[in-house]
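Mapping of the sequence shown onto mature numbering (1 follows the signal peptide of the UniProt record, and there is no 0): residues -24 to -1, 1 to 548, in sequence order. Following: one structure in structure tokens, then a few remarks.
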Amino acid sequence: MKTKNIISLFLTLFVGLASSYAQNKPLPYLAKNKSGVVQFYVDNKPFIMLSGELHNSSCGSAYSMRDMWSVMAKKNLNTVIAPVSWELIEPQEGVFDYSLVDSMIYGARKENLKLVVIWFGSWKNGKSSYVPEWVKTDTKRFPLVQDKTGKKLPILSTLSQNSLNADAHAFAKLMKHIRKIDEKEQTVIMVQVQNEIGILGSDRDYSDVGNKAFNEEVPAELIKYIQKHKDNLYPELKNVWEANGYKTNGTWEEVFGQGVEKEWGSDWQISFSKYTEELFMAWNYAKYVGEISKKGKEQYPLPMFANAWLRQKKGPIPGQFPSGGPLPEVLDIWRAAAPSIDFIAPDIYTVRIFDWVCSEFKRSDNPLFIPETSLGAASAARALLAIGEYDAIGYSPFNIDGGGMFTIGDVNDESLSQVYNCLQSIMPLITKYAGTDNMSGIYLDKKKEDAQLDIGDYVINVKRNSIRNSFDITGVDIEMEVVKDNGEIGLIVIKLQNDEFIVAGGVGGVSISISKSEKNKWENIAFTSVDEIMSENGKVINHRLNGDETASGGIIIKPGEVKVFKIKMYGY
């Protein structure tokens, strides 16, 4: 055989094998594990996104992205959330430019980072600010929402087929391009479709088209869904439907009642003000976004989600927060209208209700992913709570790169990098015990002094630390000023065996002791061993702490530190 033919045959076989590899490599997906909790899988392995979200305009030029990816890798991230805006990839109708998309993907891939792409399409933070100029300036072809007075708002109407078609076409082209350049490597593992959508400035669309739709029959598709899931609907949705006799036909107000303005309840209780209007807008936003994600998945079926701007206590009426956005009280509407959206995710900046939000967004097998939150030490501590207690599939402070005109939190704080390094060191255990009683999270905010976790035969006792507390643990009586560290504290506790635990976390100063639970039959208990688990260049190092550090029954994590301990107990 001639040399030329041999080379040709070799290239044919190589290309065929590469193509087969690309086709056979499983795409990222969501699935329940053996414990029944939804996990995110990459390369068929559970994957928790230790991520940060770039500022909105950070990917606006290849120049701005030039050094970004190496900086992100040094922060111990494994994933970066980055936007792609419609106006930059389709500046002229039908003319596409993917150069910024390519720069983003290749830059992240070089640093071994995964990407979650945000599609800044028809809406971003309620407004239509990232649509192309040819869309913005043609309001006849691409009509806008109107408020009750008839005033036009800078928000594309969900009821415009032209807007939907244009957005879906651009998004499908984007997903096709990502598949073309990335399917083999799978740098891009997930997509957020739009950003914090919903109407700001009005509870619903009061345009002629909007009024007509509101006074038409509730879609049969939605009625069928709520009938099928009647016993498991969100409580308030079931309440308003029940109050109107579980009607199966009629207008939105006939089926769900007339929406009224209500005051915010006590203890962060939702007011459900103008709830019917919110349900109506949720249906229309979900249908629109669902169609876009469907068209995108036809080109490249990565997991896709929608994120939510939360209700605010100072602005409880839809329109004061984005009306129709993917919040828990309209999750059933979104599931009925947009089955191509895999889950909804909260952007959490109101930290006083962190636990409540996590619980709300975990309803009905919706996995918890926090794609936006504040930066700083307190946020880093909450990452431990989100993953340890609520089995979050990812955590992502916003403006991780410090770009833009403003930020929320300290960009230079190293706490998140420390926490992510800690989480990576025990990641196999976290993914193994996700959804089980063996793993829990503990969080102390500035007002909370201590916490106890009952886990099997033992109780993990956590107390905000001070120098005075350190001496108290050892039994030393010494005159000194009590100076407390009031930083937030986050811990993950994993029970490996009945008498063996992993305790990981910190950020604020904390002391940890272990006592007997009511189940424990021993008269006395003590440490068999305490090892601090460290890693260096991928090598795991066990540092034994038996002695002064633990002989008196306690473990100390100093302020600003994040530690991992393996603890073994015995009874006598």
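Glycine included, each C-beta is placed from N, C-alpha and C at the ideal position.
What whole-angstrom Cβ distance do residue i and residue j have, given they're in contact under 8 Å?
i      : j      : result
Val47  : Asp377 : 7 Å
Ala313 : Ala262 : 4 Å
Gly481 : Val538 : 6 Å
Gly28  : Val56  : 6 Å
Leu91  : Ala84  : 5 Å
Ile317 : Val169 : 7 Å
Asp323 : Leu286 : 7 Å
Leu344 : Ile309 : Going by Cβ atoms, the distance from Leu344 to Ile309 rounds to 20 Å, so no, they are not a contact pair.
Ile268 : Gly97  : 7 Å
Gly379 : Leu30  : 7 Å
Are residue i and residue j touching if we call contact CB-CB under 8 Å?
i      : j      : result
Ser491 : Val438 : no
Asn101 : Pro59  : no
Val167 : Met44  : no
Lys223 : Val231 : yes
Ser366 : Cys334 : The identity of residue 366 in the sequence shown is Tyr, whereas the question assumes Ser. Yes, Cβ-Cβ distance for Tyr366 and Cys334 is below 8 Å.
Val483 : Val469 : no
Gly432 : Ser391 : no
Gly235 : Glu212 : no
Pro294 : Lys338 : no
Ile369 : Tyr419 : no
Gly301 : Ile173 : yes
Ser135 : Val216 : One detail in the question is off: residue 135 reads as Leu in this sequence, not Ser. No.
Ile24  : Ile509 : no
Gly226 : Glu197 : no
Exposed or buried, what is residue i when buried is set at 16 or more other beta-carbons lying within 10 Å of its beta-carbon?
i       : result
Ser37   : exposed
Val458  : With a pLDDT of 49 at Val458, under the threshold of 50, the modelled position of that residue is not reliable, and the figure given next carries that caveat. Val458 is exposed by the Cβ-count criterion.
Thr113  : exposed
Leu303  : buried
Asn441  : buried
Thr125  : exposed
Asn500  : exposed
Tyr371  : buried
Gly347  : Looking at the sequence provided, one finds Pro at residue 347 rather than Gly. Classification for Pro347: buried.
Tyr548  : exposed
Val121  : buried
Val18   : buried
Val71   : exposed
Gln15   : buried
Tyr396  : buried
Tyr(-4) : Low per-residue confidence applies at Tyr(-4): pLDDT is 43, beneath 50, and the placement is therefore not dependable, though the value from the model is reported in the following sentence. With fewer than 16 other Cβ atoms within 10 Å, it is exposed.
Gln162  : buried
Met456  : Note that Met456 scores 49 on pLDDT, short of 50, meaning its location in the model is unreliable; the coordinates nonetheless yield the value given after this. The residue is exposed, with fewer than 16 neighbouring Cβ atoms inside 10 Å.
Trp259  : buried
Pro315  : exposed
Asn171  : buried
Thr504  : exposed
What residue range does the alpha helix (DSSP H) around residue i cover?
i      : result
Leu405 : 403 to 409
His145 : 137 to 158
Ile363 : 353 to 366
Gly309 : For the sequence presented, residue 309 should be read as Ile rather than Gly. Ile309 -> alpha helix (DSSP H) spans 307 to 313.
Could you please give the first and the last residue of the uninterrupted beta strand (DSSP E) stretch that includes residue i?
i      : result
Tyr546 : 538 to 547
Gly266 : Unbroken run through Gly266 is the alpha helix (DSSP H), 251 to 275; no beta strand (DSSP E).
Lys100 : 90 to 100
Asp73  : Taken as a continuous stretch (DSSP letters only), Asp73 belongs to no beta strand (DSSP E), as it is neither H nor E.
Val14  : 14 to 18
Lys423 : Neither: Lys423 is in no beta strand (DSSP E) and is coded neither H nor E.
### Query
At what residue ranges does the segment 180 to 254 contain a whole run of the beta strand (DSSP E), taking only runs of 3 or more?
none
### Task
Tell me the start and end of each unbroken alpha helix (DSSP H) in the segment 25 to 67 that is at least 4 residues and wholly inside, in chain order.
Restricted to the segment 25 to 67, the alpha helix (DSSP H) segments that are unbroken, complete and at least 4 residues in length are 38 to 41, 44 to 50, 62 to 65, listed in chain order.
### Message
I'd like the ranges of any beta strand (DSSP E) spanning at least 3 consecutive residues and lying wholly in the segment 471 to 522.
### Response
476 to 483, 486 to 492, 501 to 512, 515 to 520
### Query
In chain order, which alpha helix (DSSP H) runs of at least 4 residues are fully inside the segment 316 to 349?
330 to 337
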